[in-house]
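Quick note, the sequences are listed as chains A and B, same order.
The numbering used here applies: residue 30 is where the first sequence begins, and numbers increase by one.
The numbering used here applies: residue 30 is where the second sequence begins, and numbers increase by one.
2 protein chains.
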Amino acid sequence: MSTAPKDMNGAESVVRSLHAGGVDVCFANPGTSEMQFVDALDRTKLMRCVLGLFEGVVTGAADGYARMAGKPAVTLLHLAPGFANAAANLHNARKARVPMLNLVGDHALRHQKFDAPLSADVEGACAPFSDWLRSGRDAGSFAADAMTALAVAKGQPGRIATLIAPADIGWDAGGKMAEVIAPKGPTPLDEHALSAAVAALESGERTVIIAGNTVLEDTDALALLHGIAEKTGADILAPTSNRRMERGRGRFAVDKIPYPINAALETLAPYTRAILVEAPPPVAFFAYPGKPSLLLPVGCNTVTLADVDGHGPSALAALADRIGAKRSQPRDLPALPVPQAGAITLKNIAAALAHALPDNAIIVDEAVSSGGATFEAGDTAAPNTWLALTGGSIGIGIPLSAGAAIACPDRPVITLQADGSAMYTIQALWTQARENANVTTIILANRSYEILKGELHNVGAQPGPDALSMLNLDRPHLDFVALAKGMGVPGRRVEDVTDLMRAIKDAAKEPGPYLIEAAV
Amino acid sequence: MSTAPKDMNGAESVVRSLHAGGVDVCFANPGTSEMQFVDALDRTKLMRCVLGLFEGVVTGAADGYARMAGKPAVTLLHLAPGFANAAANLHNARKARVPMLNLVGDHALRHQKFDAPLSADVEGACAPFSDWLRSGRDAGSFAADAMTALAVAKGQPGRIATLIAPADIGWDAGGKMAEVIAPKGPTPLDEHALSAAVAALESGERTVIIAGNTVLEDTDALALLHGIAEKTGADILAPTSNRRMERGRGRFAVDKIPYPINAALETLAPYTRAILVEAPPPVAFFAYPGKPSLLLPVGCNTVTLADVDGHGPSALAALADRIGAKRSQPRDLPALPVPQAGAITLKNIAAALAHALPDNAIIVDEAVSSGGATFEAGDTAAPNTWLALTGGSIGIGIPLSAGAAIACPDRPVITLQADGSAMYTIQALWTQARENANVTTIILANRSYEILKGELHNVGAQPGPDALSMLNLDRPHLDFVALAKGMGVPGRRVEDVTDLMRAIKDAAKEPGPYLIEAAV
């Protein structure tokens, strides 16, 4: 099955070449203009094909897969509207620098001038959400374009590459296998930045090291980072949202910059020196009347030791070397008290999760307004990998979980999912059921866009009935257990914190997906 | 409440000016950058605010509202990802030339340079799906920009106007009321085209008149069109997809150009002359190997009597006048036989619907692969208004129905909804429940992307197991009754055609939404 035939069409040459480059999962929501890819995937049997019932599921799952597999999946999307449906979760992946390769079917080249019903500006639609974009030109060069896209996607630390695939170059004969292209490595360490970082740490001033992306994924880099902090008295923070953090007992706890604007400003106020490692200068999620956009204090002396295209772990190794710091040893935080029976609250939920989360779990965090409370659980729980909403566009959690479970079938996945956000891509529960993904989705059901009530207050308004009607999710209540059942996922609703803990433990023991609607 | 105060912020000036221009419904999925609009809508109480749990619901509902109300609603969307989520149904509305005005919140102007997590190229994201696009500049000119957008949206026969709304110009003081601007009228009739159309009709050759948009909405224009056809022997066809058709007993039956490529080519093969009235030259939905893109035969002499910016009814009046044709009288087609008990099939479903559809219903048609069978029902049913999927981007039916019901609270809405397509915007059921919309959603559950199996065949492939895994919606089955229950909509599943008829009649008698899952 897997030997490339002499006569291939363009689509088959792309599938075979990408597979030779290590791509073996395709997340798809195909339409007519992708039928030759469906056919090529079917005939070659080289990739696992995972269907999403909506394109936001496809890209969210490809994101979760890539964060855990450490390599890109390919997506199959349908024309400009299909790409647009996929774009919110592409935005999230792009902000996290997660690698992904999108194949976006388009009308046949000869058909494009006729303004057919599904015609639109495909390139225009793709450009704002892609780091790299090209339109395939003919069957013979199609695979070479795909391999260029793959190299871009895999370039450190990951990019969104989009290749537009006109239908006819897929079905035309003359496809040719293309070689694997080595991706670009990280930008090298800047010796001036290194010296400036050393000077900051030796300045005696209050210094914060803000470390993101690969540093947070790498327990050895975290040991070095903590060694540097201990040696110099610097503090450590992570950005507000991170694609992957290795957390839990036996590992280092790293605090995040808080989301709420006042708390963020307060957290960073003490520092006159900042060192950035694979993190941009921290910026407020939104602007608010009378508040600054940049979160570090005015006049804070900021050094970028490694930017988001750099390699934080080796930059930290060089920095440790210069100041004579050694790897630190993690010291576990004291366990949170086991909650007693009673309602689930923002006060007891972290402890409940900390005690209930299974060993070696992947935690997907789209808790939103409950996220400040739930994040704490990750430090004292069993060792875990924590994946967050990275670009602020809600609707990532359920698909991200599906993709993570496909990448790591032997690890339990637990999703901490806000109810309002869940509804953007609720269709991903069906993909979880179909793929028998070992995911437990915990819906944190406060029946409101709770976070927006704070935001309304931040612009100086008090909500009246019409405002509340746009911020509350009551009338009618969403019944997530029924929604899950409709997509083949069993579930239950819990209102007591000890029931929540028991439900998580029970669900983690069983294979396949489960949903817990937790009244908060 | 409704007198404009002297001191208004930008957001309030926009809300008050648009309301003075006749806009009184806002479909919204707001986020932080739109909080000042939420506040302004709350304080002024001038518009009905309808919340969607996903942006595709918002634009689909605004489309349905505009088709039935004959005027635009305003939508409230959140940054580039929120617009992208809305784009598929904007694409559909745009192809149908439905009027709509989008307010897309963006970061405050001073915040835009900082690449915050939700930052992206908002203008770039909006442009491919908008006919007109502008970014608001300051609080004082904000309402004037909104009124320009409104005039563009209302220009014959309707356009998508998008105004980007930076947060700070919404909350800044200095908002000013802006005047209503008269929209552009239709392009005038071209006398040369009129003479050419007369010549076609008098040529003695096989001639087809293809009439779309406002002609199909106007029973008087249809009477003239049929009078012209009867006088000259010309045939009449509608485009494959139409935003609104007035149909049913006592009205004129108009056949559509079929969707399947072979049937479309066969239907148009006889004609050597074609006259287009508010319709573009018919083009295949997709290209296929060895098939033409344009559907009229090569060499067919085609006259555009009125293009999509023209006014078909007055063009037809002028044409009738020139050839001396009078209004025709509709002749009802013979009733379809009442189906006997048995499974629901593509053979008996039209008759079942024809007998069960309530009087004066609005029918929303996203039947897709069942659409060829169900369309027939509209001709012999009680008088009805038929709204179709217009841009080929699936996921319009459930939101479109919600919007149509809000525009016409006294008419029953019946949605003919393919199951695969339903899952793109299933969240709209919640909006139906919240608004107590009188919609009966009939899910045509064939548990597959059935139409794509035909499309796979059309590119010359036979589906194997991996292809079928991307085209079948089994494993697990979708339980639409459970999904509806999860969003507060009661429902039942039917497998017998007489049960289907009874269920439709029962549902139409009750206020509020209902869902029928019909096994087909």
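We put the beta carbon where it would ideally sit given N, CA and C, even for glycine.
Simplified DSSP state of residue i, which is helix, strand or coil
i: asparagine 271 of chain B; result: coil
i: histidine 107 of chain B; result: strand
i: lysine 482 of chain A; result: helix
i: leucine 323 of chain B; result: strand
i: aspartate 284 of chain A; result: coil
i: glycine 520 of chain B; result: strand
i: valine 549 of chain A; result: coil
i: arginine 302 of chain B; result: strand
i: aspartate 525 of chain B; result: strand
i: alanine 410 of chain A; result: coil
i: asparagine 465 of chain A; result: coil
i: alanine 537 of chain B; result: helix
i: alanine 490 of chain B; result: coil
i: alanine 457 of chain A; result: helix
i: alanine 122 of chain B; result: helix
i: alanine 202 of chain A; result: strand
i: glutamate 152 of chain A; result: helix
i: phenylalanine 158 of chain B; result: helix
i: glutamate 405 of chain B; result: coil
i: lysine 183 of chain A; result: helix
i: glycine 169 of chain A; result: helix
Same chain, Cβ closer than 7 Å to residue i, five either side skipped, listed in chain order
i: alanine 117 of chain B; result: Gly85, Ser422, Gly424
i: proline 310 of chain A; result: Leu323, Leu325, Thr331
i: lysine 534 of chain A; result: Ala385
i: glycine 262 of chain B; result: none
i: arginine 351 of chain A; result: Leu223, Val227
i: glutamate 234 of chain A; result: Thr301, Arg302
Other residues of its chain near residue i: CB distance less than 6 Å, five sequence neighbours each side excluded
i: glycine 517 of chain A; result: Ala462
i: glutamate 220 of chain B; result: none
i: asparagine 475 of chain A; result: Val549
i: arginine 522 of chain B; result: Val510, Glu546
i: alanine 551 of chain A; result: Lying before the first or after the last residue shown, residue 551 of chain A is absent from chain A, which here runs from 30 to 549.
i: glutamate 41 of chain A; result: Ala69, Gly204
i: asparagine 487 of chain B; result: Tyr317
i: alanine 434 of chain A; result: Val442, Ala466, Asn467, Val468
i: aspartate 9 of chain B; result: Coverage of chain B is limited to positions 30 through 549, which leaves residue 9 of chain B absent and any answer about it impossible.
i: histidine 255 of chain A; result: Phe281, Ser357
i: alanine 137 of chain A; result: Pro195, Ala196, Asp197
According to DSSP, residues forming a beta bridge with residue i
i: serine 164 of chain A; result: A:Ile193
i: asparagine 475 of chain B; result: DSSP, once it has assigned bridges, lists no residue as partnering asparagine 475 of chain B.
i: threonine 470 of chain B; result: B:Thr444, B:Leu544
i: aspartate 394 of chain B; result: B:Ala417, B:Leu445
i: alanine 316 of chain A; result: Answer is none; alanine 316 of chain A lacks a bridge partner.
i: leucine 132 of chain B; result: B:Leu105, B:Leu192
i: asparagine 501 of chain B; result: B:Ser477
Beta-carbon contacts of residue i that lie in its chain and below 8 Å, excluding the five residues immediately before and after
i: cysteine 507 of chain A; result: Correcting the residue identity first, residue 507 of chain A is leucine in this sequence and not cysteine. Excluding residues within five positions, the ones whose Cβ falls inside 8 Å are Asp448, Met452, Ala474, Arg476.
i: arginine 278 of chain A; result: Asp361, Thr409, Ala410, Ala411, Pro412
request  = Note down, one range per segment and in chain order, each beta strand (DSSP E) of at least 3 residues found wholly within the region 422-447 of chain B.
outcome  = 442-447
At 3 residues or longer, what runs of the beta strand (DSSP E) sit wholly inside the region 221-280 of chain A?
236-240, 264-266, 274-276
- Message: Which residues of the region 102-126 of chain B have a Cβ closer than 9 Å to any Cβ of chain A? Give them in chain order.
- Response: Leu105, His107, Leu108, Ala109, Pro110, Gly111, Phe112, Ala113, Asn114, Ala115, Ala116, Ala117, Asn118, Leu119, His120, Asn121, Arg123, Lys124
Next item on the list: Just list the beta strand (DSSP E) runs in the region 325-386 of chain B, keeping only unbroken ones of 3 residues or longer that don't cross its boundaries, in chain order.
Entry: 330-335
Check: Taking a cut of 9 Å between CB atoms, which residues from the region 308-342 of chain B lie near chain A?
Finding: Pro309, Pro310, Val312, Ala313, Phe314, Phe315, Ala316, Tyr317, Pro318, Ser322, Leu323
Run through the region 34-114 of chain A for me and flag every whole beta strand (DSSP E) of 3 or more residues, listed as ranges in chain order. 54-57, 77-80, 103-107
Using a Cβ-Cβ cutoff of 7 Å, what residues of the region 472-485 of chain B are near chain A? List them in chain order. Leu481, Glu484, Leu485
Could you list the residues in the region 444-456 of chain B with a C-beta less than 9 Å from some C-beta on chain A, going in chain order?
Gly449, Met452, Tyr453, Thr454, Ile455, Gln456
*Determine which residues of the region 153-169 of chain A have a Cβ less than 8 Å from any Cβ of chain B, and write them out in chain order.*
Gly153, Ala154, Ala156, Pro157, Phe158
- When Cβ atoms are compared, which residues of the region 419-447 of chain B fall closer than 8 Å to chain A? Thr419, Gly420, Gly421, Ser422, Gly424
Got a sec: which bits of the region 64-75 of chain B sit with their beta carbon under 8 Å from any beta carbon on chain A, in order along the chain? Met64, Gln65, Val67, Asp68, Leu70, Asp71, Arg72, Lys74
What residues in the region 168-193 of chain A have a beta carbon less than 7 Å from any beta carbon of chain B?
none
- Query: Using a Cβ cut-off of 8 Å, which residues of the region 131-143 of chain A contact any Cβ in chain B, in chain order?
  - Reply: His136, Ala137, Arg139, His140, Phe143
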